[in-house]
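Numbering (the UniProt record's numbering), first residue to last: 1 to 799. The next block holds one structure in the form of structure tokens; read it before the comments.
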């Protein structure tokens with residue numbers, strides 16, 4: 001394996017060692033050992049910046065399922081490297097923060113860091129995978145590991161609820177995305193994302209192109225909390241703050257953003273892609289910012305702000321996809337939207353990560369996150385307040401912080417939508433700058449709420465569970481580093497231009513970026529976006545000051561009419577319906593279950609047989625039937641009929657065994673001694689087990705009292721099963737087959753590949769070696785279980 005594969009594998013290997021470290025070194029916080037993993041990985045990926053800056057890429061592949069063309073292919077370009085740096089860099093800061101946030105004595109730290117490392121490795125696998133199936137595998141692993149992280153405090157009901165909610169919604173989207181991946185690989189005849197991008201022009205005309213797009217977008221929207229699938233994110237805030245800072249500011253919720261950006265070259269030729277991505281993004285932006293103002297919990301506000309910011313990035317990716325429709329422009333206005341999306345992706349990770357850590361510090365040092373009880377903390381927590389000022393002002397889009405720059409670029413891109421003369425953007429597209437401006441006003445308001453409601457005003461010590469004080473320096477290091485990056489990237493944004501932003505943009509728009517030169521400046525003149533920013537600050541300040549007068553608008557619509565309530569009611573309805581259906585067919589009688597199975601068996605196989613025109617009678621290849629075979633067939637049929645009229649269980653068991661032993665004689669006639677021996681052993685064991693079981697049952701008693709009435713439905717099902725099996729057996733010998741039989745492969749390769757002349761033995765031992773081994777294991781476990789039950793029963797009887 002290459003160094004790149006080891007980089008993805010490292011967090012998983014470390015996760016295996018964490019429980020042992022936790023037990024061996026209990027006095028030292030486990031996080032100190034785990035911290036080295038993301039630091040080393042970040043250093044490794046940092047060394048690759050020069051490679052991607054020059055336009056080069058790295059591709060490493062290890063075979064996984066070569067017969068299906070599925071390989072663990074890892075690919076590093078500007079986009080995947082950006083996400084890898086965020087995953088490892090923010091991961092290192094979060095682990096450092098968690099060392100001081102989580103108690104070494106009160107918490108199950110081995111579980112926490114195992115889950116965190118699993119998530120880190122899964123996210124690296126998602127952003128570095130070139131194979132769709134491998135990407136999906138890691139994608140679902142992120143859902144599973146985030147479920148464990150969100151439900152880390154499993155003794156809390158709300159934590160369990162939030163973890164289940166996130167899992168159900170994201171896995172639902174993931175399954176839809178998997179269907180889209182299968183269709184995409186069918187359309188493009190490959191699982192490789194790079195190859196699909198190169199052939200994207202041909203995929204556009206396929207009739208399955210739009211269904212494929214919709215399924216993949218469903219997976220991206222659920223993972224990145226786009227409306228209406230955003231409802232899982234606020235409930236996920238029940239997780240410890242380090243988890244929130246990691247999952248919901250820089251990693252998990254960005255997975256959907258990554259998927260849209262990565263597959264944009266494949267789908268951006270479609271106007272449907274432009275509309276769906278940009279429209280859902282702008283609606284999510286407005287919805288999240290509007291409802292963030294309503295929240296009273298610090299992490300609740302940050303949760304809805306994350307939803308809003310994810311919508312902003314998604315809308316930029318949607319508008320940026322329009323660049324492919326204007327290839328002839330030298331100065332492509334819509335390519336700037338993609339640049340803005342990449343830049344804001346970085347900025348959001350810095351200011352939102354620091355704000356989540358600030359919320360955790362406030363909760364840790366005061367015992368509450370309720371802004372109605374907070375206030376005046378600036379006096380006792382000056383460093384935390386300084387970090388909060390930088391983070392909130394950047395999120396609000398106030399200069400000179402990095403959030404101001406990317407917010408300006410966002411507003412400029414929304415204004416340019418008015419010039420987009422494709423797929424009706426010149427009409428309905430006029431709403432985009434309006435919605436963007438309104439949402440930005442609410443973004444400014446909730447940013448000010450976080451800052452001023454928490455840190456200014458009078459200190460309400462009597463309402464706080466703990467006496468507030470400044471956090472220890474260890475807990476402040478990570479948010480200070482992130483806040484410093486907010487300032488550095490704001491004052492010197494072009495530090496990222498050629499090293500990070502240009503390569504990432506080139507990966508999203510590979511056909512338009514040959515001469516791409518990104519330069520980010522503070523002043524662009526008195527353009528519409530400048531006046532929109534002025535209006536946002538002025539109008540946002542006015543609404544924040546008068547918040548108490550208009551805040552009641554949130555009570556107009558009752559809580560019962562909400563997406564969260566719809567989700568809860570849907571789950572309850574599914575549970576009720578499932579219970580009723582289960583009571584209908586789960587009767588507790590095996591005969592009923594057999595009826596269900598046999599009816600489905602008949603319907604499925606017979607319909608397929610005739611629908612595919614697979615039933616043909618061709619006796620040319622059938623061997624002649626001898627006298628001995630006729631005699632044995634008559635014996636089997638006669639004994640089977642006699643079983644129905646047996647008057648004791650012992651007689652029934654003996655007759656059933658006689659059927660099995662007679663079948664073994666067929667194998668002897670057909671020169672298959674191994675099968676005959678196997679059949680004899682199985683029949684002997686089966687008869688013995690039946691005798692042991694039925695020995696414990698009461699006697700049949702009066703046969704007349706227990707004789708069951710003849711049932712036509714049972715007779716019809718029995719006849720139907722017999723006819724179905726017979727027709728399939730006859731059709732199997734016909735020459736009209738849709739594909740060549742697999743037996744020819746075994747005949748040709750039994751001796752050549754396995755060195756055996758007995759084909760049956762070769763199939764069981766070599767071609768199906770693992771299957772046979774597990775079958776033997778199952779039989780062995782069953783035998784031990786039966787022996788244990790017999791001994792247990794005998795022991796009880798002796799007592």
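Even glycine gets a Cβ: it sits at the ideal position worked out from N, Cα and C. It should be emphasised that the depicted structure is a prediction, and the values quoted were computed from it without experimental measurement.
Annotation: the continuous alpha helix (DSSP H) that includes residue 502 extends over 502-508. Bounds of the alpha helix (DSSP H) holding residue 141 are 132-150. Where residue 63 is concerned, the enclosing beta strand (DSSP E) starts and stops at 58-65. Pairing residue 278 with residue 318 gives a Cβ-Cβ distance under 8 Å. The three-state secondary structure of residue 589, taken from DSSP, is coil. Counting C-beta pairs closer than 8 Å gives three or more between the segment 210-227 and the segment 165-182, which meets the contact rule.
Residue 70 carries a strand assignment under DSSP once its states are collapsed to helix, strand and coil.
Within the segment 76-140, the complete alpha helix (DSSP H) runs of at least 4 residues fall at 78-101, 109-128. Under the three-state reduction of DSSP, residue 166 is assigned to helix. If you look at residue 202, you'll find it in the alpha helix (DSSP H) that goes 200-203. Here residue 297 is bridged, per DSSP, to 370.
Only residues of its own chain outside the window of five on either side were considered, and among them 440, 441, 444 have a CB closer than 6 Å to the CB of residue 536, listed in chain order. Considering only 691, 780, 466, 291, the residue with the shortest C-alpha distance to residue 438 is 291. The three-state reading of DSSP puts residue 192 in strand, counting E and B together.
DSSP, reduced to helix, strand and coil, places residue 234 within a helical segment of the structure shown. DSSP, reduced to helix, strand and coil, places residue 564 within a helical segment of the structure shown.
With respect to the 8 Å criterion, residue 504 and residue 79 are classified as neighbours on the basis of their beta carbons.
For residue 433, same chain residues with a beta-carbon under 6 Å away, outside a window of 5 residues either side, are 414, 415 in chain order.
Non-local beta-carbon contacts of residue 70 in its own chain, meaning distances under 8 Å to residues more than five positions away in sequence, involve 64, 131, 133, 134, 191 in chain order. The count of Cβ pairs closer than 8 Å, one atom from the segment 104-115 and one from the segment 246-261, stays below three, leaving the stretches out of contact.
Linking residue 718 to residue 602 through their CA atoms gives a straight-line distance of about 10 Å. Sixteen is the threshold: when 16 or more other Cβ atoms of the shown chains lie within 10 Å of the Cβ of residue 369, as they do, the residue is buried.
Taking the C-beta atoms as reference points, residue 127 is found no nearer than 8 Å to residue 142. The Cβ-Cβ distance between residue 122 and residue 138 falls below 8 Å.
At the C-beta level, residue 518 and residue 501 come within 8 Å of one another. Looking at the backbone, the Cα of residue 430 and that of residue 282 are separated by about 12 Å.
Counting only residues of its own chain and dropping the five nearest sequence neighbours on each side, residue 605 has a CB closer than 7 Å to the CB of 724, 728.
Here residue 684 is exposed. Its C-beta has fewer than 16 other C-beta atoms within 10 Å.
Straight through space, the alpha carbons of residue 475 and residue 100 are spaced by roughly 5 Å. Residue 252 sits in coil when the DSSP states are folded into three classes, being neither helix nor strand. In this chain, the alpha helix (DSSP H) harbouring residue 212 covers 209-223.
Distance from the CA of residue 668 to the CA of residue 792, rounded to the nearest whole angstrom, comes to 40 Å. In the structure shown, the three-state DSSP call for residue 426 is coil.
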